[in-house]
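> Shown below is the structure under consideration.
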Amino acid sequence: PPYAEYASGHSTFSMAAAEVLTGFTGRGNFELKVTIGAGESKVEPGAVPAKAITLAWSNFRYAAEQAGLSREYAGVNFERGDKDARVAGSSVGKNAWAKAVTYFNGTATSTP
531 PPYAEYASGH STFSMAAAEV LTGFTGRGNF ELKVTIGAGE SKVEPGAVPA KAITLAWSNF
591 RYAAEQAGLS REYAGVNFER GDKDARVAGS SVGKNAWAKA VTYFNGTATS TP
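Residue 642 is where the sequence shown ends in my numbering, and the numbering goes up by one at each step.
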């Protein structure tokens with residue numbers, strides 16, 4: 531691909547979004563499941579998956595981890611590029627949420 535392997539942008543923004551969504555909803559845990567039926571792939575319809583598969587996530591962070599891992603499985607990023615990006619994304623997301631809260635509660639200030 532025409533972009534750098536390190537650090538994974540996909541992993542960064544996925545984890546940042548997970549942190550913001552966790553802050554916004556106030557819910558660290560939830561249950562989300564999706565089942566992909568046999569042969570229902572958008573890429574290889576009729577061929578994969580060989581049998582139905584259910585993907586499940588119990589919180590936003592876990593979903594973000596799976597998104598990052600998907601880049602490793604696809605061969606787009608190496609482990610370090612994924613994991614370091616998730617750490618950075620977590621920090622970015624927490625900081626973005628903390629700043630957003632100041633706008634919501636009227637305590638926002640500008641920084642030079």
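Just so you know, even glycine gets a beta-carbon here, dropped at the ideal spot from N, CA and C.
What are the boundary residues of the alpha helix (DSSP H) that includes Val617?
Per DSSP, Val617 belongs to the alpha helix (DSSP H) from Glu609 to Phe634.
> Given Ala638, which residues of its chain have a CB within under 7 Å of its CB, disregarding the five upstream and five downstream residues?
Cβ neighbours of Ala638 beyond the five flanking positions: Thr632.
> Taking DSSP as the reference, what is the three-state secondary structure of Val550?
Residue state, collapsed to three classes: helix.
> Going by DSSP, name the residue or residues bridged to Lys563.
Paired residues: Ala586.
> Suppose the cutoff is 6 Å on Cβ atoms and the five residues either side in sequence are ignored; what does the same chain contact list for Arg591 look like?
Cβ within range, chain order: Ala548.
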